[in-house]
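The next block holds one structure in the form of structure tokens; read it before the comments.
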Amino acid sequence: MRVHVYEKAFLWVGAALLVVIMGTLAYTSLAMGIHLPGHVMQVDPAQVRTLPPFDNPGVRQTGENKYEAVILGSAWQFQPNEIRVPVGAEVTFIATSTDVLHGFVIERTRLNMMLIPGQVAKNTYTFTERGEHLIICHEYCGAGHHVMYGKVIVE
Ligand code: CUA
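The sequence shown begins at 12 in this note's numbering and counts up by one.
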């Protein structure tokens, strides 16, 4: 079988790209520790409002400039919908949904989670600059999807 020289070159480019991409993936996940916000635990969405920590959503200080934000997403709001932290705060977001699939993305950060009923998502971010960040639901969740938002105020 004769393979055309351009075809051969194209196959090598494809193979090289595959190696580069797999290498990048391995480096960012193993060396840099960047992971998807995997589910931490499971909860019964029907009971979640009565179970800790979701029976008391809000922001709590857990250490020196360390905070924990427990968030409930439901049609069509985040609870709490305003989070205030000082500049430099390292905030661990622990969130879930009480009803349907919602999104939780904080603009101008890499924080992006899916709120799945029954699953708890967790992710940490350090806010190094003063200002406001919009929190947006970016999974279509029904008629009020477009009004489902909140904000993080870094002061
Ligand atoms: Cu909640 Cu879209």
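Where a beta carbon is used, it is the ideal one built from N, C-alpha and C, also for glycine.
Give the single residue among R121, K19, C152, A106 whose Cα lies nearest to the Cα of V131. A106
DSSP on E166, reduced to helix/strand/coil? Reduced to three states, the DSSP call for E166 is coil.
Q) Do V51 and I94 have their CB atoms nearer than 8 Å? A) no
- According to DSSP, is R119 helix, strand or coil? coil
Let me check you understand the geometry: is the CB of Y151 closer than 7 Å to at least one non-hydrogen atom of ligand 1?
yes
Where does F138 fall in DSSP's three states? Correct three-state label for F138: coil.
Requested in this report: Just tell me which of F138, V59, P91 has its CA closest to the CA of A159.
Outcome: Checking the displayed sequence, the identity of residue 159 turns out to be Met instead of Ala. Among F138, V59, P91, the Cα nearest to that of M159 is on P91.
Notebook entry, point to check: Between which two residues does the beta strand (DSSP E) containing L83 stretch?
Noted result: 77-85 is the span of the beta strand (DSSP E), which, as asked, contains L83.
Go ahead and label Y151 buried or exposed: buried means 16 or more other beta carbons lie within 10 angstroms of its beta carbon, across all protein chains shown. exposed
Note to self: Can you give me the C-alpha to C-alpha distance between D110 and M43, rounded to a whole angstrom?
What the structure shows: 34 Å
ask   = Cβ atoms of M124 and F138: under 8 Å apart, would you say?
value = no
* To do: Report whether the distance from the Cβ of H113 to the nearest heavy atom of ligand 1 is below 7 Å.
  => yes
When F65, P97, I32 are compared against N76, the one with the closest alpha-carbon | P97
**C-beta atoms of S108 and G69 nearer than 8 Å** = no
query = Out of curiosity, what's the CA-to-CA distance linking L112 and I32?
reply = 30 Å
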